[in-house]
Each structure stands twice: as C-alpha cells, then as structure tokens.
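Visitor: Structure in structure tokens, see below.
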Amino acid sequence: MTRLFVIFLLAILSLCACIPATVDMPAVMTGVAVAPTVIARLSTPTALQASAERMDEGLRIYRNQYCGVCHQLTVGGTTGQFGPSQDGMAWTAQRRLLDLTYMGQATTPQEYLRESILSPEIYIVDGYADSSHHMPSFVHLSSQEIDALVYLLEHQR
Ligand code: HEC
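Right, dumping it as structure tokens:
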C-alpha cells in the first residue's frame, strides 16, 4: 500500500517536472494562489464591509467640508487646532453628556454629535468660547451626509 502511494507520488512529481517553465501556470496553481483572497473576501462579514464603506463616506464628507482645518482627526490625516481634537470622539461625546453644564437635548453620543454639527451654539466645549474660528453650523448638509459624519465620529475610539 505504502509502495503504491510512493509510486503515485513519484508519478505526479515527474509529471510536474515535465511542464516546461514557459508554459502558463496551470489553472489549478493559479487557483491555489487566488484562493486566499477569495476566502478572505467570503469570510468578511457583510456588516463589516458595509461599515467600512460608511466610514469612507464619512471621511469623504469630512474632507469636502474642511472639518479638518479646525479639527484633528488622525484617520482623516487632519491636524486642525482651532477646535477640539476628534480622535477618541466616541468617549468624548459620552463625557460631554455627563458634563453638568450640558443643557442640550441629546441623550446618546450619536445625538450629541448630530446636535454639535447642526446647532453648535447649544454647547460650547470648555476653552473654545473665545475661539477665533467658531464651529459653524452645517444645517445645509443632507441628513444622509450628517448621518455619515456622525457615523465616522461615533466610531473614533
Ligand atoms: C472654523 C472651524 C471649524 C470647522 C470648519 C469645523 N469645526 Fe467643529 N468645532 C469647532 C470649534 C471651535 C469647536 C468647539 C466649540 C463648540 O463646542 O462649538 C467645535 C466643536 C465640534 C464638535 C463638538 C466637539 C466636542 O469635543 O464636543 C463636533 C462634533 C464638531 N465640531 C464637528 C465638526 C464637523 C463634523 C465639522 C465639519 C463638517 C466641523 N466640526 C467643522 C470649529 C470648527
């Protein structure tokens, strides 16, 4: 039995050796090379892919609206200093809600972010009241665009 197997292996090896170097890689071999990519794609949950797309959409709007002129956001490569940094914004938003001087309507980080972008005057972050570059309201954006910005910021940890 073992001997049979060895002969079988030798036969396969000699067959492979016969393939001239110039011949295109057999389909099977190409398949072997492509398989990991396909497997990786299949194993990426759709939800993850969708969230990556939403993040990209948020970043695109963030850049188009020049938020980064005033804000630091590492994932967006921006370093603005006129407003507070938006790295770790998920935690920052939670902290703002716990601030006793917060008088807005928001009860969740998402609501806080939406409110900050649409009605920034409701809560001015400590130290920025006299900023030479006030946070402008972005009411002119569509609700989808606001959603995308909120999604981007609520995922900064
Ligand atoms: C001209 C400068 C400027 C631009 C442009 C700007 N911001 Fe601001 N932003 C500020 C300042 C200053 C503050 C802090 C004062 C305040 O709370 O309103 C602020 C505060 C915020 C806050 C609350 C932050 C916190 O720590 O609680 C959010 C959220 C925010 N900005 C999002 C955005 C987004 C999104 C954009 C782009 C669509 C943007 N900002 C564009 C200046 C700016």
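So the mapping is simple: the working numbering equals the position in the sequence shown, first residue as 1, plus 53.
Yeah, the Cβ is synthetic: ideal placement off N, Cα and C, and Gly gets one too.
#1: In this structure, does DSSP put Thr131 in helix, strand or coil?
#2: DSSP on Leu153, reduced to helix/strand/coil?
#3: Could you say which of Tyr176, Leu171 and Pro162 lies nearest to Met156 if we only look at CA atoms?
#4: Following the continuous alpha helix (DSSP H) through Gly111, name the residue where it begins and the one where it ends.
#5: Does the beta-carbon of Thr127 have 16 or more other beta-carbons within 10 angstroms, so that it is buried, or is it exposed?
#6: Gly136: which of Thr161, Thr160, Ala146 and Gly180 sits nearest, CA to CA?
#7: Is Gln158 helix, strand or coil when you go by DSSP?
Guide: Checking against the coordinates, here is how it stands:
#1: strand
#2: coil
#3: Tyr176
#4: Thr99 to Asn117
#5: With fewer than 16 Cβ atoms within 10 Å of its Cβ, Thr127 is classed as exposed.
#6: Gly180
#7: coil
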